[in-house]
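Remarks on the structure that follows.
There are 2 protein chains.
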Amino acid sequence: MGDRTYDVVGIGNAVVDIISRVEDSFLTKHDLQKGFMQLIEEGAIAKLYDDMGPAIERSGGSAANTIAGIASFGAKTGFIGKVGGDEFGDIFRHDVRSLGVAFDTAPLPGDMGTGRCLVLVTPDGERTMSTFLGAGTGFQSSDLDKEMIEAAKIIFLEGYLYDQPEAKKAFHEAAEIAQAAGTKVALTLSDAFCVDRHREDFLKLVKQGADIVFANEKEATALYEVNSVDEAAQNLAADCELAILTRSEEGSMILASGYRVDVPAAWVEEVVDVTGAGDLYAAGFLYGLSTGEPLETCGKLGSLAAAEIISHIGARPEIELKTLLPGVLS
Amino acid sequence: MGDRTYDVVGIGNAVVDIISRVEDSFLTKHDLQKGFMQLIEEGAIAKLYDDMGPAIERSGGSAANTIAGIASFGAKTGFIGKVGGDEFGDIFRHDVRSLGVAFDTAPLPGDMGTGRCLVLVTPDGERTMSTFLGAGTGFQSSDLDKEMIEAAKIIFLEGYLYDQPEAKKAFHEAAEIAQAAGTKVALTLSDAFCVDRHREDFLKLVKQGADIVFANEKEATALYEVNSVDEAAQNLAADCELAILTRSEEGSMILASGYRVDVPAAWVEEVVDVTGAGDLYAAGFLYGLSTGEPLETCGKLGSLAAAEIISHIGARPEIELKTLLPGVLS
Numbered sequence: 044m045g046d047r048t049y050d051v052v053g054i055g056n057a058v059v060d061i062i063s064r065v066e067d068s069f070l071t072k073h074d075l076q077k078g079f080m081q082l083i084e085e086g087a088i089a090k091l092y093d094d095m096g097p098a099i100e101r102s103g104g105s106a107a108n109t110i111a112g113i114a115s116f117g118a119k120t121g122f123i124g125k126v127g128g129d130e131f132g133d134i135f136r137h138d139v140r141s142l143g144v145a146f147d148t149a150p151l152p153g154d155m156g157t158g159r160c161l162v163l164v165t166p167d168g169e170r171t172m173s174t175f176l177g178a179g180t181g182f183q184s185s186d187l188d189k190e191m192i193e194a195a196k197i198i199f200l201e202g203y204l205y206d207q208p209e210a211k212k213a214f215h216e217a218a219e220i221a222q223a224a225g226t227k228v229a230l231t232l233s234d235a236f237c238v239d240r241h242r243e244d245f246l247k248l249v250k251q252g253a254d255i256v257f258a259n260e261k262e263a264t265a266l267y268e269v270n271s272v273d274e275a276a277q278n279l280a281a282d283c284e285l286a287i288l289t290r291s292e293e294g295s296m297i298l299a300s301g302y303r304v305d306v307p308a309a310w311v312e313e314v315v316d317v318t319g320a321g322d323l324y325a326a327g328f329l330y331g332l333s334t335g336e337p338l339e340t341c342g343k344l345g346s347l348a349a350a351e352i353i354s355h356i357g358a359r360p361e362i363e364l365k366t367l368l369p370g371v372l373s
Numbered sequence: 044m045g046d047r048t049y050d051v052v053g054i055g056n057a058v059v060d061i062i063s064r065v066e067d068s069f070l071t072k073h074d075l076q077k078g079f080m081q082l083i084e085e086g087a088i089a090k091l092y093d094d095m096g097p098a099i100e101r102s103g104g105s106a107a108n109t110i111a112g113i114a115s116f117g118a119k120t121g122f123i124g125k126v127g128g129d130e131f132g133d134i135f136r137h138d139v140r141s142l143g144v145a146f147d148t149a150p151l152p153g154d155m156g157t158g159r160c161l162v163l164v165t166p167d168g169e170r171t172m173s174t175f176l177g178a179g180t181g182f183q184s185s186d187l188d189k190e191m192i193e194a195a196k197i198i199f200l201e202g203y204l205y206d207q208p209e210a211k212k213a214f215h216e217a218a219e220i221a222q223a224a225g226t227k228v229a230l231t232l233s234d235a236f237c238v239d240r241h242r243e244d245f246l247k248l249v250k251q252g253a254d255i256v257f258a259n260e261k262e263a264t265a266l267y268e269v270n271s272v273d274e275a276a277q278n279l280a281a282d283c284e285l286a287i288l289t290r291s292e293e294g295s296m297i298l299a300s301g302y303r304v305d306v307p308a309a310w311v312e313e314v315v316d317v318t319g320a321g322d323l324y325a326a327g328f329l330y331g332l333s334t335g336e337p338l339e340t341c342g343k344l345g346s347l348a349a350a351e352i353i354s355h356i357g358a359r360p361e362i363e364l365k366t367l368l369p370g371v372l373s
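Residue numbers (our numbering), protein chains in the order written: chain A, 44 to 373; chain B, 44 to 373.
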């Protein structure tokens, strides 16, 4: 992929996470499906927030978490996403830029605040998310930085963008710009419900537009409407150049033109909060891929980054991930 | 102290903490004195923030942390302090109210944002703070809720309020309202530099206005300009009805009308971040005191709450502190 300004450029929702611990009964009371993400309106998020206990705030957003992780490994990265002109926008911008990520998307003018996601962490470490997209609903094709995409080895797109028509259009346009420039297109399916809402388009994208696809078991089986991971894996392997199936504590499965690598999960003393596990797996994997490592090493880096993120609250690394490299790279 | 609506009402700066890990060299570079709090202006905080790595945001403020802790133990509490009309104000309000704390101070009108404190945590777990008071500079006597103060068993005031002339005036007025109503006045000296800036007034307050005084070793020795903790303790014991000297890992010393109780620190597996240690010690102590526990038990509750807070990032409890009670109360 030669000498490009950016190893990986991410495109996704700019979101600040508002994280709180809850009991399972809180999810039941608010009719929330454990482990999934739902989009909610401003009134509904205010109501849910009012009923939650004390929280901490931390930058989030799926692709943004991945890019933060790749930057923390030491690679050259950029991010494209829409914040508002509020304090949460300042937090989001600071947190990515302070990692060296190039981030210059103009904030949405007007009063619409930055997107926020209520992340409810149950005692088992599982997370259930309710997202108000806010200024993210203003994201459109004109926000795409064409030069940045063309100057990247890989662009990384989150499936969540599909939930807004304008963002979905931008998503496709970004993929076209990338293909024309010889930039690889990587995609995460994001969430099984999201896949369910946009199955046909995702299938088309997996077959034609994307070079690299990340999915967990629920997303992959939802995409092909099959009952087993093996069936989903066979389909994915047939449809894409490079597919990565993440399987929580069972590790990950890398499928590349008829060839399969299984990578174990990295050891974690205690699973505190699984938020960002998939995002950070993708970070480690794409860091490895963009710097020319073999696929097995890419998978190991993904496992290590995921292990770091689930050992604490929040989806941004608490250590410099490049400190993990000496144990993996020879 | 009879049957009152509130066990403890706190008055202090309403602040959101922006917490980040740094190396010691970062403090040196920015000329920050480790372990202390400095007030800075908006331009200076923006500059420091720009140079910091990724952060997490969490409600803070010294007296507010104490009140959150007391509420988490299960007592009836209120808080008086000034936020702005921004997102940080919403966070602050939500986080105290969701613990059941009565908090109705009107936000400052206009564009001034809520106070924020950059908390830099070094590898040894020590914290160094730079605070921009923001809307807190608009706090004045008219913000005092007289009925709330009169309906409290104890009011708890933070010394940091002394750094703004109008807030200092409100501080004294609150103490007068309390005294007239038979509400006990508790005070924390907050910070050795703060004591240094206002020594004469603090001395007067300790001798005449306050019933209960919390100080750490640095603050107590700064107040009396003495070199040893023992000298400071003798002075404090002579000057107040009830003084509590906190001594980090050496525990605390309770001095009450010629009578002294030493309480050991509670065991902590790893000191992650000492932010809020003094605030939460005061929470445990005041919870015990307002619910009629003997002084030694008050001190033990203080040690336990402090141990909880230093075992994680941030100055608000991550567990319900009332779960600590069965081990202490018989």
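All C-beta atoms, glycine included, are put in the ideal place defined by N, C-alpha and C.
Does the beta-carbon distance from residue i to residue j come in below 8 Å?
i	j	result
Asp316 of chain A	Gly168 of chain A	yes
Ala57 of chain A	Lys119 of chain A	no
Glu351 of chain B	Leu364 of chain B	yes
Arg170 of chain B	Ile88 of chain B	no
Leu206 of chain A	Phe79 of chain A	The sequence shown places Asp at residue 206 of chain A, not Leu. In this structure, Phe79 of chain A does not lie closer than 8 Å to Asp206 of chain A by Cβ.
Glu216 of chain A	Ser184 of chain A	yes
Leu266 of chain A	Arg240 of chain A	no
Val272 of chain B	Leu246 of chain B	no
Ala325 of chain A	Thr109 of chain A	yes
Asp33 of chain B	Pro97 of chain A	Since the first and last residues shown for chain B are 44 and 373, residue 33 of chain B lies out of range.
Val238 of chain A	Asp254 of chain A	no
Gly121 of chain B	Ala145 of chain B	yes
Gly127 of chain B	Gly177 of chain B	yes
Glu313 of chain A	Pro166 of chain A	no
Asp282 of chain B	Val249 of chain B	yes
Mind reading off the beta-carbon distance from residue i to residue j? Whole number of angstroms is fine, and I expect it under 8 Å.
i	j	result
Thr231 of chain B	Gly202 of chain B	6 Å
Thr425 of chain A	Lys189 of chain A	Missing from the structure shown is residue 425 of chain A; chain A here goes from 44 to 373 and no further.
Gly294 of chain A	Val306 of chain A	5 Å
Ile113 of chain B	Asp50 of chain B	7 Å
Thr148 of chain A	Asp186 of chain A	5 Å
Leu279 of chain B	Ala299 of chain B	About 11 Å; that fails the 8 Å criterion.
Ala106 of chain B	Phe199 of chain B	6 Å
Gly132 of chain B	Pro150 of chain B	5 Å
Ala111 of chain A	Pro360 of chain A	7 Å
Asp129 of chain A	Glu85 of chain B	Contact doesn't hold; Cβ gap of about 16 Å is too wide.
Quick one: list the residues of chain A neighbouring residue i, beta-carbon separation under 7 Å, in chain order.
i	result
Phe131 of chain B	Glu130
Ser295 of chain B	Simply none; closest approach about 26 Å.
Ser141 of chain B	Met95, Gly96, Pro97
Tyr92 of chain B	His137
List the residues of chain A whose Cβ lies closer than 8 Å to the Cβ of residue i, in chain order.
i	result
Asp138 of chain B	Pro97, Ala98
Listing by chain order, which chain B residues have their CB less than 8 Å from the CB of residue i?
i	result
Arg170 of chain A	The premise fails here: Arg170 of chain A is roughly 16 Å from chain B at the closest Cβ pair, so nothing lies under 8 Å.
Ser102 of chain A	Pro97
Leu367 of chain A	By Cβ distance, chain B contributes nothing, its closest Cβ being about 16 Å from Leu367 of chain A, past 8 Å.
Identify every residue that forms a DSSP beta bridge with residue i.
i	result
Asn259 of chain B	B:Thr289
Tyr203 of chain A	None, per the DSSP bridge assignment.
Met296 of chain B	B:Leu288, B:Asp305
Ile88 of chain A	Ile88 of chain A pairs with nothing; no bridge assigned.
Asp60 of chain A	A:Arg101, A:Cys160
Leu151 of chain A	Looking at the DSSP assignment, Leu151 of chain A forms no beta bridge with any residue, so it has no partner.
Lys227 of chain A	A:Ile197
Val52 of chain B	B:Gly121, B:Ile198
Leu82 of chain B	B:Thr174
Phe146 of chain B	B:Phe122
Residues of chain A with CB under 9 Å from residue i, in chain order?
i	result
Gly156 of chain B	Glu130
Residues of chain B with CB closer than 9 Å to the CB of residue i, please, in chain order.
i	result
Gly357 of chain A	Ile99
Ile113 of chain A	Those within 9 Å of Ile113 of chain A in chain B number zero; the least Cβ separation is about 14 Å.
In chain B, which residues lie with their C-beta within 7 Å of the C-beta of residue i?
i	result
Ile134 of chain A	Glu100
Is it the case that the region 343-363 of chain A contacts the region 324-333 of chain A, given that we only count it when at least three CB pairs across the two stretches are under 8 Å? Taking 8 Å as the limit for Cβ pairs, the verdict is that the region 343-363 of chain A does touch the region 324-333 of chain A.
Does the region 55-75 of chain A come within contact of the region 88-102 of chain A, defined as at least 3 CB pairs closer than 8 Å? yes
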